[in-house]
Amino acid sequence: MTDGSTRRTMLTTGTAALAATCVGCGNNNGNGSSSSSETPASSATPASPATSASPTAGSSASGSASAAAGKALAQTSDIPEGGGTIFKDQKIVVTQPTAGEFKAFSAICTHMGCTVDKVADGTIDCPCHGSKYHIADGSVAHGPATRPLPAETITVSGNSITMG
């Protein structure tokens with residue numbers, strides 16, 4: 000084997016390995032593809048409480064509704080104060096930044112389309128490249144993401160949280 004064919008083999012192998020690695024950062028935008036960060040059929044992932052404060056109070060967040068309106072998500076007691084819960088099947092994150100204040104955001108990272116996997120220390124975290132979003136408003140706390148998580152519409156009625 001010559002030096003040229005060895006370099007060519009190494010470049011081809013390296014490129015193939017890089018392409019295979021990047022497949023895991025795919026986008027799950029409803030076209031049948033999914034990212035490797037998703038877990039099968041879990042309805043909710045509770046997250047540990049964290050501390051964060053927001054001056055606004057309210058029981059709903061507005062934005063694009065990606066799931067059927069009126070679908071029951073959880074009880075208010077299921078969402079830890081200062082933390083949140085990820086509903087992977089619905090691709091939504093519900094947070095409770097302060098007592099009695101509930102917010103909802105898309106669970107799809109705005110950087111590369113991975114599904115966020117935890118809520119901790121006042122942020123919603125993406126496992127793919129380390130983006131973090133504030134639980135109070137979905138704004139970027141740490142990149143590489145540059146856009147906030149889109150708000151989702153929820154309704155809190157008594158102890159029940161529903162979509163829409």
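Using numbering that gives the first Met the number 0, read the sequence shown as starting at 0 and increasing by one per residue. Where is the CB? At the ideal position from N, CA and C, for every residue including glycine. Since the structure is predicted, the reported quantities are computational estimates derived from the model, not experimental observations.
ask   = When DSSP builds the beta bridges, which residues end up paired with methionine 162?
value = To locate residue 162, count along the sequence shown from 1; it is residue 163. Ile153.
task = Return helix, strand or coil for serine 105, following the three-state DSSP convention.
result = For the purposes of this step, residue 105 is identified with residue 106 of the sequence shown, where counting begins at 1. In this structure, DSSP gives serine 105 an extended state, which the three-state scheme calls strand.
query = Does the beta-carbon distance from valine 93 to alanine 119 come in below 9 angstroms?
reply = On the sequence shown, residue 93 is found 94 positions in, with the first residue counted as 1. On the sequence shown, residue 119 is found 120 positions in, with the first residue counted as 1. Taking 9 angstroms as the cut-off, the Cβ atoms of valine 93 and alanine 119 do not count as close.
key: 7 angstroms CB neighbourhood of methionine 9 in its chain, flanking five on each side removed   = One-based indexing of the sequence shown puts residue 9 at position 10. Annotation note: pLDDT 49 at methionine 9 (below 50); position unreliable, coordinate value reported separately. For methionine 9, where only same-chain residues beyond five positions count, there are no Cβ hits under 7 angstroms.
query = Roughly how many angstroms separate the alpha carbons of threonine 109 and glycine 129, rounded to a whole number?
reply = For the purposes of this step, residue 109 is identified with residue 110 of the sequence shown, where counting begins at 1. For the purposes of this step, residue 129 is identified with residue 130 of the sequence shown, where counting begins at 1. Their Cα atoms are separated by approximately 12 angstroms.
Residues bridged to lysine 131 [DSSP beta-bridge criterion] = Residue 131 sits at position 132 when you count from the first residue of the sequence shown. Paired residue(s): Asp124 and His141.
query = Does the Cβ of glycine 83 have 16 or more other Cβ atoms within 10 Å, making it buried, or fewer, making it exposed?
reply = Indexing the sequence shown from 1 puts residue 83 at position 84. A buried status is given to glycine 83, since no fewer than 16 other beta-carbon atoms sit within 10 Å of its beta-carbon.
request  = Can you tell me the Cβ-Cβ gap for isoleucine 107 and glycine 121, rounded? I've got them flagged as a contact below 8 angstroms.
outcome  = For this step, residue 107 is matched to residue 108 along the sequence shown. For this step, residue 121 is matched to residue 122 along the sequence shown. Contact doesn't hold; Cβ gap of about 20 angstroms is too wide.
request  = Reducing DSSP to helix, strand and coil, say where alanine 75 ends up.
outcome  = Reading the sequence shown from its first residue, position 76 is the one you call residue 75. Looking at the sequence itself, residue 75 is threonine, so the reference to alanine does not match. Correct three-state label for threonine 75: helix.
Per DSSP, cross-strand counterpart(s) of alanine 119 = In the sequence shown, the residue the question calls residue 119 occupies position 120. Thr122, per the DSSP bridge assignment.
inquiry  = Whole angstroms are fine: how far does the CA of threonine 154 sit from the CA of isoleucine 160?
reply    = Mapped onto the sequence shown, residue 160 falls at position 161. Mapped onto the sequence shown, residue 154 falls at position 155. Each residue's alpha carbon lies about 6 angstroms from the other.
request  = Return the CA-CA distance between glutamate 151 and aspartate 77, expressed in angstroms with no decimal places.
outcome  = Numbered from 1 along the sequence shown, position 152 holds the residue referred to as residue 151. Numbered from 1 along the sequence shown, position 78 holds the residue referred to as residue 77. So the alpha carbons of these two residues sit roughly 18 angstroms apart.
key: Three-state class that DSSP yields for glutamine 95 in the structure shown   = In the sequence shown, counting from the first residue as 1, residue 95 sits at position 96. Residue state, collapsed to three classes: strand.
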